[in-house]
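Just add 107 to the spot in the sequence shown (first one is 1) and you have this note's numbering. Idealized CB from N, CA, C, for every residue including glycine. Note that the structure is predicted; figures quoted are calculated from it, not measured. All remarks here apply to the structure that follows.
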Amino acid sequence: MKRIGNEWSPQVQAYLERIGFDGALDGSAETLALLQERHLYSVPYENLDILRRIPLSLEVDHLLDKIVMRRRGGYCFELNALFGWLLRELGFPVTDLFARFWRDEPDTPPKRRHHVLKVKAGDHDYLCDVGVGGVIPRRPVLITVNTEQQQGSERYRLERDPMFGLMLCEWKRGVWSRIYSFTDEPQLAKDFLMATYWCENAPDSIFMKDLMVSLLTPEGRKTIAGREFRTFSPEGVHTFTPRTEDEYENALQSYFGISLRIGS
Numbered sequence: 108m109k110r111i112g113n114e115w116s117p118q119v120q121a122y123l124e125r126i127g128f129d130g131a132l133d134g135s136a137e138t139l140a141l142l143q144e145r146h147l148y149s150v151p152y153e154n155l156d157i158l159r160r161i162p163l164s165l166e167v168d169h170l171l172d173k174i175v176m177r178r179r180g181g182y183c184f185e186l187n188a189l190f191g192w193l194l195r196e197l198g199f200p201v202t203d204l205f206a207r208f209w210r211d212e213p214d215t216p217p218k219r220r221h222h223v224l225k226v227k228a229g230d231h232d233y234l235c236d237v238g239v240g241g242v243i244p245r246r247p248v249l250i251t252v253n254t255e256q257q258q259g260s261e262r263y264r265l266e267r268d269p270m271f272g273l274m275l276c277e278w279k280r281g282v283w284s285r286i287y288s289f290t291d292e293p294q295l296a297k298d299f300l301m302a303t304y305w306c307e308n309a310p311d312s313i314f315m316k317d318l319m320v321s322l323l324t325p326e327g328r329k330t331i332a333g334r335e336f337r338t339f340s341p342e343g344v345h346t347f348t349p350r351t352e353d354e355y356e357n358a359l360q361s362y363f364g365i366s367l368r369i370g371s
């Protein structure tokens, strides 16, 4: 594990503060799970910069500035790149992988346009992902085939596909449904550049068409649909529609911690 004397680097400390993590950093599977949960509860999934035509950078220094210092969010190529960096700094062995997102994909098979992480904790490998805007495992998924893994009210398992590798599936409406598939070929940071360029610029990219902002909570999740802010919890759905731009910006701040004012 990388420390300066007895302390973590200022960047690591700032990142841990950003996600509100103050637990043990012992390289265990439970620590990995808590780090992922805290990340999902603290850092929103969002494509605001893409819609504002602000080019994205996958350089760690730029991601630290955006996500940690300016307290913004991002999408998979940003969020999982930076989370992978943090895990490596904390001593976890991490492999970056490409994935194909099948859920809600009308034109299958889908492109490789998703970034996931394989992380070793203890004696086991886990699938980690903090870069999805919809329902997703809150804790790492043990990489083992055809074993149901319960996470609260949600159920997941990995299936093996002869062409597309491992397939993450969710139990939904009485059947196992595909979320995404991934193969075990390690990827370098530069391998994701063409995929993120396509997502940022292609006319048929979903990231160019609609606003995506979401944040998981211990009780459910928060999202935006059009201009309507929605909070999902066991009690139901609470909605709020801002009437002015000031109200909209204030809601972004209060719901997701996002500020779009100058410098953000």
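Span separating the alpha-carbon of residue i from that of residue j
i: LEU300; j: VAL223; result: 15 Å
i: LEU197; j: GLY134; result: 7 Å
i: PRO216; j: VAL167; result: 31 Å
i: LEU273; j: SER312; result: 24 Å
i: MET108; j: ARG195; result: A caution first: MET108 carries a pLDDT of 47, below 50, which makes its placement in the model too unreliable to give a value.
i: CYS276; j: GLY181; result: 24 Å
i: SER366; j: ILE243; result: 25 Å
i: PRO151; j: ILE174; result: 9 Å
i: ALA332; j: PRO349; result: 12 Å
i: ALA228; j: ALA302; result: 28 Å
i: PRO117; j: GLU144; result: 22 Å
i: VAL226; j: LEU189; result: 14 Å
i: TRP209; j: TYR287; result: 5 Å
i: LEU204; j: TYR304; result: 17 Å
Cβ pair residue i, residue j closer than 8 Å
i: ILE157; j: MET270; result: no
i: ALA206; j: PHE289; result: yes
i: LEU165; j: GLU185; result: yes
i: VAL320; j: PHE363; result: yes
i: ARG245; j: LEU147; result: yes
i: ASN187; j: VAL237; result: yes
i: PRO247; j: TYR263; result: no
i: LEU163; j: GLU307; result: yes
Per-residue burial, residue i [other beta carbons within 10 Å of its own, 16 or more giving buried]
i: GLY130; result: exposed
i: VAL282; result: exposed
i: GLU335; result: exposed
i: PRO293; result: exposed
i: GLU124; result: exposed
i: HIS231; result: exposed
i: ARG285; result: buried
i: ARG352; result: For clarity, residue 352 is Glu in the given sequence; the question names Arg instead. Looking at its Cβ environment, which holds fewer than 16 other Cβ atoms inside 10 Å, GLU352 is exposed.
i: ILE126; result: buried
i: SER340; result: exposed
Hey, which unbroken runs of the beta strand (DSSP E) at 3 residues or more fall wholly within the stretch 176 to 218? Complete beta strand (DSSP E) runs here, min 3: 201 to 208.
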